[in-house]
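Here the protein sequences come in this chain order: A and B.
Sequential numbering from 273 applies to the first sequence in our numbering.
Sequential numbering from 49 applies to the second sequence in our numbering.
Even for Gly, the Cβ is constructed at its ideal location relative to N, Cα and C.
What you are looking at is a predicted structure, and each value in this text was computed from that prediction instead of being measured.
Take a look at the structure below.
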Amino acid sequence: MRRNLVVVGHGPAAHRLTELLVERGAGWAITVLGEEPRPAYDRVALTSYLTGTGADELTYPVPEGVELLLGDPVTEIGRAARTVTTRGGRTLPYDALVLATGSSPFVPPVPGAEHAFVYRTLDDLDAIRAASAGARTGVVVGGGLLGLEAADALRSLGLETHIVEVAPWLMPRQVDEGGGAVLRRHVEGLGLTVHTGVPLAAVEPGRVTLADGTAIDAGVVVFSAGVRPRDELARAAGLDVGERGGIVVDAGMRTSDPAIYAIGECALAGGTVYGLVAPCFAMAEVAADRLCGGTAEFAGADLSTRLKLLGVDVAQFGAASGPLDVTFMDPVGGVYKRLFVSDDAQTLLGGILVGDAGPYSALRPFVGRPLAGTPTELLFGGTAALGGDLPDDAQVCSCNNVTAGRVREAIAGEGLTDVPGIKACTRAGATCGSCVPMLKRLLASSGVALGKAMCEHFDHSRAELFDIIRVRGIRTFSELISAHGRGRGCDVCKPAVASILASLGAGHILDGEQAALQDTNDHFLANIQRNGTYSIVPRIPGGEITPEKLIVIGEVARDFGLYTKITGGQRIDLFGARVEQLPVIWKRLVDAGFESGHAYGKALRTVKSCVGSTWCRYGVQDSVGLAIALELRYRGLRAPHKLKSAVSGCARECAEARGKDFGIIATEGGWNLYVGGNGGFQPRHADLLAADLRMDELIRAIDRFLMFYIRTADRLQRTSAWLESLDGGLGYLREVIIDDSLGIGADLDAAMERHVGSYQDEWAATLADPDKLRRFVSFVNAPGTPDPTIAFETERDQIKPVLITEIGARGGLEVTRA
Amino acid sequence: MTTGRPDVLEPGAVETARGWVPVCDYAALTPERGACVLVGPHQVALFRTFDGRVRAIGQLDPFSGAYVLSRGIVGSRGDRATVASPMHKQVFDLETGACLDDPRVRVPVYDARVRDGRVEVRVP
Ligand SMILES: Cc1cc2nc3c(=O)[nH]c(=O)nc-3n(C[C@H](O)[C@H](O)[C@H](O)COP(=O)(O)OP(=O)(O)OC[C@H]3O[C@@H](n4cnc5c(N)ncnc54)[C@H](O)[C@@H]3O)c2cc1C
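Here you go:
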């Protein structure tokens, strides 16, 4: 008979436990009782909820067969009867019980504390968001890891934000005084106000006061001053709890009652309560193994952390002090690094990195091991100093406890060739991602060539070719391939190089030798369709069009017998034109004031818009006006892949801007810029790059984003995949674009100005050039003759191609209908 | 309605012994690009390759059923001169007509030459 396992609490620890038990098919009937009204979600990523990540995206999938009873907390454990009782009056029997109740935020006992918010659950964030709507200022009490994260969140909600920390410096648990000072400068540089060394005295509606008498305006107050393990159930049931809280467990995660386990932040394991998710997962793994009859033990966990807070890299690993140390401090550059080593200077004990956590992933696995170089080399050489010689038992991914040996084994055994493969197979890199550079090096040292070569003709990646062409001022494909490649090129490298040349402003895409490099779509400035005819999309900026122009499109379509369809990008596609008809059709369109819509190019397509504040009673800004301005600014811009954009005039987001490469959503205070969104095969919501921008700031941020993408992305890599692949992700992108950390801002701005200044309508220019027009014939020896194999039938009152389809395995041809 | 042109569909089945047919000026062909000519009922894709030669294959892309091969990108694979179909990018050897991505498929190859600045092709 199946035994009953009851789990109390549905947080990350409980989720991992149930997932493992289901995976192992352990024969338990599993019921989870959760207090929150929704299934477990990724609490580590909680803050992203405020910047637009949906609750569904954060929610973990519930393993099959696990029964969830949510919104009904457990109020009592009946140990004698082996039952639990909930507030709603349910009583459930258990054979084994797991407590995974996590922690609750610590609320300092000050007068008026009831006016403050805490920062732990999605419901807390909803409440903070609602309160921020009417507020101007915010105070976060607590300058630790979570406090800084909460402060960043308040800032992104548009509040002028203060941080109050009782210790003499920020993040006192992770960094020392020097690191704290560098951190403070970063935080203040972002416009936040920091108060350290003073405790909070009282909260009143609208303000807080500190013990030294300072009063701070505060529309919203958030407590983030540490957490306390939720051991109340265990305490009431007479289980052993620690003096300072936490349910006492042994190495097998068992409490003082052998039928009851405790895991996650509520557990006191080996005298420690762990406040990071990785040890919580490790505890879940041990408990799962025990529940399956195993003997796994929890051996304590690494409290190393690496995070990016307010755009600042902070990392701490191993010991936070040691007999000898090497310290580097650059107050101007905002970098602080300190390594602790054994007294013989042979063994790495730990370290603190602020402002540049680059060496973290390479150094952390070496804690407790002989140094692979001098401390100075390690601090500055980063990963290069260490080679690929990581010992097999060194932990690479601390979130999921994966060793270098396990990764190597997976690479060899499963034939893995890339980081996503490693993530799927071992979970390494799947949580915080800080070990991804390490995984790449393990791939490389396992002999996997990380194929960057574009094709057999070039050993370079697209980004490298872009730099070669830009820096050496190369103007033609022949020049490039003779100096830097081999052979005659192909359908991979030729269009890629054509696109790079176009991005660098090499004139009309059909000029000279460039014409021969283009894909058929660019070659005929139209989109080839399945029967070899082409479709035509005139630009309709922002989707706004006059009745006169609509009539012209209708007349052209009628006169040439074209099939018409409204596109998803708010324009009109005309299908079924033969090559020799393209110039005649375009002559009519250009005369009526239309220009190329670049639907055929890896280029900006459309900037879609909602109707905006001019007409819409909800709109807060003129989305149509902005969409038109952006479409006209970036029209014709060639990129590694097509680019789509949209502008929404209010938070209702009717233009679906977050599904676009760059999307803009109006706020009361300006414009929010989202990047890296995608619909299509792999949908992705765009991430908030910057909030409440003025128009000039917005344009500059988009200019830089687009140019940086154009310079560094791979061939046919959409912005979404590019953003995913950037080392350092969104934070890094923000540094490059907003803070100009690479010092290339002015260069990117200038490149975009060149593009804007040299734009010409490709179709108007083509119509004016007999040489370019020569290609628009079906047969060079019979220019007036249409391709006789193109035929149409009628469907729903419009044309439809008659197709000759596929060569089957039989090798014959058949005429079929589409 | 169908296309109804069986002769176009199976070029090899038409048994004629035509000779060389002049089709266009050599100068009308763009270097390393294709163009299409009509020779009787046959659509022939001509390519002016990097070595200055003109090569001719059938215009029909057997994978898509559309007459489009002249509009593909010309290049090389190893030491073979090639064209990639503009539809789904299968690569064809311009010398032999063999599809280098699918050994079951081959397109017809025709003789082509340049005489006095004129391109001539011979379709069997
Ligand atoms: C904003 C934020 C950022 C963070 N960032 C990081 C980070 O970058 N890195 C990192 O390692 N960690 C981070 N953490 C910590 C991490 O989220 C926790 O370590 C993790 O959530 C602990 O998981 P858990 O399952 O033990 O507890 P919890 O996530 O707290 O889940 C416990 C659940 O049990 C429920 N519960 C409690 N009592 C009962 C009851 N009696 N009956 C029913 N249900 C009950 C609670 O409502 C809760 O849903 C962050 C936390 C926060 C809040």
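- Going by beta carbons, A:V708 and A:V691 fall inside the 7 angstroms limit.
- Contact annotation: in the segment 138-158 of chain B, residues whose CB is within less than 8 angstroms of a CB in chain A are V139, R152, V153.
- Closer than 7 angstroms to the CB of B:V85 there is at least one CB belonging to chain A.
- Of the residues assessed, A:W943 falls on the buried side of the cut-off, its CB having 16 or more other CB atoms within 10 angstroms.
- Cβ-Cβ distances below 8 angstroms link A:R850 to T805, Y806, S1050, P1058, D1059, I1062 in the same chain, with the five nearest sequence neighbours on each side left out; the list follows chain order.
- Residues of chain B with a Cβ closer than 8 angstroms to the Cβ of A:K874 do not exist; the shortest Cβ-Cβ separation is about 14 angstroms.
- Proximity of the segment 566-574 of chain A to the segment 525-544 of chain A meets the contact definition, three or more beta-carbon pairs being nearer than 8 angstroms.
- With 16 or more other Cβ atoms from the protein chains shown falling within 10 Å of its own Cβ, A:W1035 counts as buried.
- The Cβ-Cβ distance between A:A407 and A:V493 does not fall below 7 angstroms.
- Boundaries of the beta strand (DSSP E) harbouring B:R128: 128-132, taken from the DSSP string.
- The contact set of A:F1051 on chain B, defined by CB atoms closer than 7 angstroms, consists of C84, V85, L86 in chain order.
- Here the segment 786-803 of chain A makes no contact with the segment 825-843 of chain A; the two share fewer than three CB pairs at distances below 8 angstroms.
- Within 6 angstroms of the C-beta of A:C552 there is at least one heavy atom belonging to ligand 1.
- Looking at the DSSP output, B:S124 sits in a beta bridge with B:A129.
- A distance below 6 angstroms between beta-carbons, with the five flanking residues on each side excluded, links A:V470 to the following residues of its chain, in chain order: L482, A483, D484.
- The closest heavy atom of ligand 1 lies less than 6 angstroms from the beta carbon of A:A285.
- In this structure, A:L998 lies near A:Y1004, with their beta-carbon atoms less than 7 angstroms apart.
- Distance from the C-beta of A:E681 to the nearest heavy atom of ligand 1 is not below 6 angstroms.
- The beta carbon of B:R81 sits closer than 7 angstroms to some beta carbon of chain A.
- A direct Cα-Cα distance of roughly 12 angstroms separates A:V919 from A:S885.
- For A:I435, the enclosing beta strand (DSSP E) has its first and last residue at 432-437.
- Here DSSP, grouped into helix, strand and coil, assigns A:K609 to strand.
- The alpha carbon of A:G419 has as its nearest neighbour, out of A:A568, A:V436, A:A550, A:S404, the alpha carbon of A:V436.
- Residues of chain B whose Cβ lies closer than 9 angstroms to the Cβ of A:G761 are, in chain order, E80, I121, V122, G123, S124.
- In this structure, A:L318 has its beta carbon less than 6 angstroms from a heavy atom of ligand 1.
- A distance criterion of 6 angstroms places the beta-carbon of A:T363 beyond contact range of ligand 1, judged by its closest non-hydrogen atom.
- Sixteen is the threshold: since fewer than 16 other Cβ atoms of the shown chains lie within 10 Å of the Cβ of A:Q1032, the residue is exposed.
- Interface annotation, A:D1059: in contact with chain B, CB-CB separation under 7 angstroms.
- Pairing A:A716 with A:C697 gives a Cβ-Cβ distance that is not under 7 angstroms.
- Across the segment 792-805 of chain A, CB contacts with chain B closer than 9 angstroms involve T792, N793, H795, F796, I800, Q801, R802, N803, G804, T805, in sequence order along the chain.
- At least one C-beta of chain B is nearer than 7 angstroms to the C-beta of A:A1054.
- B:A104 is outside the set of residues whose beta carbon lies under 7 angstroms from a beta carbon in chain A.
- A:P530 sits exposed, since fewer than 16 C-beta atoms from the chains shown fall within 10 Å of its C-beta.
- Straight-line measurement puts the Cα of A:Q954 at about 33 angstroms from the Cα of A:F866.
- By the beta-carbon neighbour count (other beta carbons within 10 angstroms, threshold 16), A:Y981 is buried.
- Look at A:E307: its beta carbon is less than 6 angstroms from one of the heavy atoms in ligand 1.
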